[in-house]
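As structure tokens, the structure follows; a few thoughts come after it.
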Amino acid sequence: MSDYLIETKCVQGAYTPENGEPRVMPIYQSTTYKYESADHLGKLFDLEAPGHMYSRISNPTLAYFEEKVSMLEGGVGAMFTSSGQAANLMAVLNITSSGQNFIALSSIYGGTVNLFAVTMKRMGIEVRFVTPDMTDEEIEALIDENTRLIFGETIANPALNVLDIERYATLAHKHNMPLMVDNTFATPILCRPFEYGADIVIHSTTKYIDGHAQVVGGIIVDGGKFNWDNGKYPELTEPDESYHGVKYTQQFGNLAYITKARVQLMRDLGTTPSPFSAFLLNTSLESLHLRMERHSENALKVAEFLEGNDMITWVNYPLLKSSNDYSLAKKYLNKGASGVISFGVKGGREAATKFMDSLKLAAIVVHVADCRTSVLHPASTTHRQLTDQQLIGAGITPDLIRLSVGIENVEDIISDIKQALEAVKCL
Ligand SMILES: *Cc1c(COP(=O)(O)O)cnc(C)c1O
Numbered sequence: 051m052s053d054y055l056i057e058t059k060c061v062q063g064a065y066t067p068e069n070g071e072p073r074v075m076p077i078y079q080s081t082t083y084k085y086e087s088a089d090h091l092g093k094l095f096d097l098e099a100p101g102h103m104y105s106r107i108s109n110p111t112l113a114y115f116e117e118k119v120s121m122l123e124g125g126v127g128a129m130f131t132s133s134g135q136a137a138n139l140m141a142v143l144n145i146t147s148s149g150q151n152f153i154a155l156s157s158i159y160g161g162t163v164n165l166f167a168v169t170m171k172r173m174g175i176e177v178r179f180v181t182p183d184m185t186d187e188e189i190e191a192l193i194d195e196n197t198r199l200i201f202g203e204t205i206a207n208p209a210l211n212v213l214d215i216e217r218y219a220t221l222a223h224k225h226n227m228p229l230m231v232d233n234t235f236a237t238p239i240l241c242r243p244f245e246y247g248a249d250i251v252i253h254s255t256t257k258y259i260d261g262h263a264q265v266v267g268g269i270i271v272d273g274g275k276f277n278w279d280n281g282k283y284p285e286l287t288e289p290d291e292s293y294h295g296v297k298y299t300q301q302f303g304n305l306a307y308i309t310k311a312r313v314q315l316m317r318d319l320g321t322t323p324s325p326f327s328a329f330l331l332n333t334s335l336e337s338l339h340l341r342m343e344r345h346s347e348n349a350l351k352v353a354e355f356l357e358g359n360d361m362i363t364w365v366n367y368p369l370l371k372s373s374n375d376y377s378l379a380k381k382y383l384n385k386g387a388s389g390v391i392s393f394g395v396k397g398g399r400e401a402a403t404k405f406m407d408s409l410k411l412a413a414i415v416v417h418v419a420d421c422r423t424s425v426l427h428p429a430s431t432t433h434r435q436l437t438d439q440q441l442i443g444a445g446i447t448p449d450l451i452r453l454s455v456g457i458e459n460v461e462d463i464i465s466d467i468k469q470a471l472e473a474v475k476c477l
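Every number in the working numbering is 50 more than the matching position in the sequence shown, counting from 1.
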């Protein structure tokens, strides 16, 4: 499979049946596995033999899905989690403990801001937010011997800033730290962060990887290139007492990070998804390349339509020439910038509400990245727990409408927007 191009891997990657086996990836709805000898099971528990022991830690159906996502991203291994939140929590927690800190771009998903700034703070882990307009020196002034990683989103939700992956990878590596990139909006079809130096990639699979609004999930992918054996990450290089003193880097080489995440954090925190979730998501992956192409094509047309409409005060879409991040988008999102657009309607919050209420095809839902066009007002919904200052940091103005352009015929999507804008004029 590794010789095939990404579209082929979407369709046929990971699960490759032998003669007479099911064509479709089976659902192994089993918590447990049977062994010929107690000795073999002992070896599994000592991490000396490969295989499944208990479905909290691993399961064959989950493993196929993990392998496919890892293959698409160009990683060495992956771990599927019960949500994107769980993936981000475990990705950071895997190499961070109380008393330590990490750097994150401030324009990231509101749920991640809460996780980092509130819940992880209570665990004694400090997040230090930075903005792209800060110089390297200003960012480096926030890095000390307890700083563990840099975190950002390829396309920020919902501010839509494009992450300069090479810049932050260089900065992180200069300080012997990994760069973690939440690649949820771009998916490996539009951007593969490992190619630009990122070390760990995370997804909320709830968004485009699913694309049908059916399964909440997340995944962590290990790029396998970061040198953890640099004196800074004893949790990966020194004996783990909870596994009879296993040293992850020594025993698992470039799979050290993702192995520890699974056998230690998944074992202890147990945010395990169901095999049925992996089955549904695997079916979704089979059309990911086609969907991302159409989402991006439709969104660019809608963004251009909005830009030319006098009821619209501003439009943000990374591949619009007017975008602040146009040159970054050209570099990192050359194949498309996903289906998500943000914009403001003349008349502020009241007009935004009237506009959304008047849409017929596009539905008001707390979701993005669905094959069906949907719309949301983040300041009053997904991001309402954020303070005004956090909202500004996340790039959200009170009038921001987030439109998630689906894969319907774009003419119908534009007609729907047109009639809703007419309704706003009547206010
Ligand atoms: C939705 C989202 C998350 C959280 O994922 P859930 O699956 O909802 O837990 C994390 N990061 C980004 C960029 C998201 O859009």
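Note that CB positions come from ideal geometry on N, CA and C, so glycine has one too.
Just how far apart, CA to CA, sit residue i and residue j?
i: Lys-257; j: Leu-91; result: 37 Å
i: Gln-481; j: Ser-105; result: Because the chain spans 51 through 477 in this model, residue 481 falls outside it and cannot be assessed.
i: Ala-306; j: Asn-109; result: 19 Å
i: Met-173; j: Ser-148; result: 6 Å
i: Thr-43; j: Val-142; result: Lying before the first or after the last residue shown, residue 43 is absent from the chain, which here runs from 51 to 477.
i: Lys-310; j: Ala-349; result: 39 Å
i: Asp-272; j: Glu-336; result: 22 Å
i: Gly-320; j: Asp-279; result: 27 Å
i: Val-365; j: Ala-209; result: 11 Å
i: Ile-175; j: Thr-403; result: 38 Å
i: Leu-199; j: Leu-155; result: 11 Å
i: Ile-457; j: Gly-261; result: 10 Å
i: Arg-312; j: Gly-358; result: 50 Å
i: Val-418; j: Leu-453; result: 8 Å
i: Ala-64; j: Ser-372; result: 40 Å
i: Ile-442; j: Tyr-114; result: 40 Å
i: Phe-81; j: Gly-161; result: One point to set straight first is that residue 81 is Thr, not Phe, in the sequence displayed. Cα to Cα, the separation comes out at about 30 Å.
i: Ala-379; j: Pro-368; result: 6 Å
i: Glu-98; j: Ser-292; result: 15 Å
i: Ser-157; j: Asn-211; result: 7 Å
i: Asp-89; j: Gly-124; result: 35 Å
i: Gln-62; j: Gly-70; result: 17 Å
i: Pro-284; j: His-225; result: 16 Å
i: Met-316; j: Ile-270; result: 12 Å
i: Met-103; j: Glu-461; result: 52 Å
i: Ile-239; j: Lys-93; result: 39 Å
i: Thr-197; j: Asn-151; result: 5 Å
i: Tyr-83; j: Gly-101; result: 9 Å
Whose CA, out of the options, lies closest to the CA of residue i?
i: Ala-236; options: Gly-63, Ala-387, Lys-404 and Ile-464; result: Ala-387
i: Met-51; options: Ile-215, Glu-117 and Pro-76; result: Glu-117
i: Leu-383; options: Ile-451, Ser-346 and Leu-55; result: Ser-346
i: Thr-363; options: Glu-336, Leu-369, Lys-396 and Asn-332; result: Lys-396
i: Asn-201; options: Leu-213, Ala-191 and Asp-194; result: According to the sequence displayed, residue 201 carries Phe and not Asn. Considering only alpha carbons, the answer is Leu-213.
i: Asn-277; options: Asp-249, Gly-261 and Ser-292; result: Asp-249
i: Asn-304; options: Thr-82, Asn-164, Val-126 and His-102; result: Val-126
i: Leu-356; options: His-294, Ile-467 and Thr-431; result: Ile-467
i: Gln-314; options: Lys-297, Leu-330, Ser-324 and Pro-325; result: Lys-297
i: Ile-193; options: Ile-56, Ile-463, Ile-270 and Leu-221; result: Leu-221
i: Val-265; options: Val-168, Lys-380, Lys-93 and Leu-331; result: Leu-331
i: Leu-286; options: Ile-239, Pro-448, Thr-146 and Lys-351; result: Thr-146
i: Ala-401; options: Ile-451, Tyr-376 and Thr-432; result: Ile-451
i: Thr-204; options: Phe-166, Tyr-246, Lys-224 and Arg-178; result: Tyr-246
i: Lys-171; options: Leu-139, Glu-195, Glu-190 and Ala-191; result: Leu-139
i: Gly-398; options: Gly-134, Asp-375, Ser-334 and Leu-477; result: Leu-477
i: Ala-219; options: Ala-136, Lys-275 and His-433; result: Lys-275
i: Ile-308; options: Met-361, Glu-354, Ile-252 and Arg-422; result: Ile-252
Would you give the residue range spanned by the beta strand (DSSP E) that residue i belongs to?
i: Phe-152; result: 151-155
i: Val-425; result: 424-426
i: Glu-176; result: 176-180
i: Asn-366; result: 362-366
i: Glu-203; result: 197-203
i: Leu-453; result: 451-454
i: Thr-131; result: 127-131
Give the range of the alpha helix (DSSP H) segment to which residue i is assigned.
i: Phe-30; result: Residue 30 is absent from the model: the chain starts at 51 and stops at 477.
i: Met-342; result: 338-357
i: Phe-302; result: 298-302
i: Phe-166; result: Careful: Phe-166 lies outside any alpha helix (DSSP H) and carries neither H nor E.
i: Val-460; result: 460-475
i: Ser-392; result: Here Ser-392 belongs to no alpha helix (DSSP H); instead the beta strand (DSSP E) covers 390-395.
So, is the C-beta of residue i closer than 8 Å to a C-beta in chain C?
i: Lys-404; result: The structure shown has no chain C; it contains just one protein chain.
Between residue i and residue j, which are expected to be in contact by the criterion C-beta below 8 Å, what is the C-beta distance as a whole number of angstroms?
i: Gly-134; j: Ser-254; result: 3 Å
i: Leu-112; j: Lys-59; result: With 8 Å as the limit, Leu-112 and Lys-59 do not qualify as a contact, their Cβ atoms being about 18 Å apart.
i: Asp-420; j: Ala-263; result: 5 Å
For ligand 2, I want to know if residue i counts as a neighbour, meaning its beta carbon is within less than 7 Å of at least one of the ligand's heavy atoms.
i: Lys-257; result: Ligands present in the displayed structure are limited to ligand 1, and ligand 2 is not among them.
Legend entry - Segment contact flag, the region 328-345 with the region 434-445, C-beta cutoff 8 Å, min 3 pairs: Per the Cβ contact rule, the region 328-345 is not in contact with the region 434-445 (fewer than 3 Cβ pairs under 8 Å).
Legend entry - Contact between the region 396-411 and the region 465-476 (3+ Cβ pairs under 8 Å): When Cβ pairs closer than 8 Å are counted between the two stretches, the region 396-411 is seen to touch the region 465-476, the count reaching three or more.
Inset, instruction - Take every Cβ of the region 221-233, pair it with every Cβ of the region 387-398, and state whether three or more of those distances are shorter than 8 Å. - result: With the cut-off at 8 Å, the region 221-233 and the region 387-398 do not touch.
Inset, instruction - Could you tell me whether the region 124-138 touches the region 66-79, using the rule of 3 or more Cβ pairs below 8 Å? - result: Not touching, per the Cβ criterion.
Inset, instruction - Flag this pair as touching only if the region 423-430 and the region 177-194 have three or more C-beta atom pairs under 8 Å; answer yes or no. - result: No contact exists between the region 423-430 and the region 177-194.
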